[in-house]
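Residue 41 is where the sequence shown starts when you use this note's numbering, and the numbers rise one by one after that. Beneath this line is the structure, given in structure tokens, with notes to follow.
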Amino acid sequence: MKITKVEAIELRLPEPEIIDKASGAQNSLIVKIYTDEGIIGIGEVDNTTEYVSPQLVPTQEVGD
């Protein structure tokens, strides 16, 4: 099985009123991965740094 296509779909909720330098907006990314066998996988990427950042460091270390 081989990946034939990767599609990224950005989801952005409308920004509510901005308060000082922070907003309540939330951005996410839906990732669709297609294979040569017709299988489609769907995943989500969340940009909440308190959850994402700790996961990136071990991933980068493995990739080095």
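Glycine included, every Cβ here is placed at the ideal spot set by N, Cα and C.
- Judged by their CB atoms, V71 and I43 are not nearer to each other than the 9 angstroms cut-off.
- Separation of T75 and G83 (C-alpha to C-alpha, rounded to the nearest whole angstrom) is 14 angstroms.
- Per DSSP, the unbroken beta strand (DSSP E) holding I43 starts and ends at 43 to 52.
- Taken through DSSP and simplified to helix, strand or coil, G78 comes out as coil.
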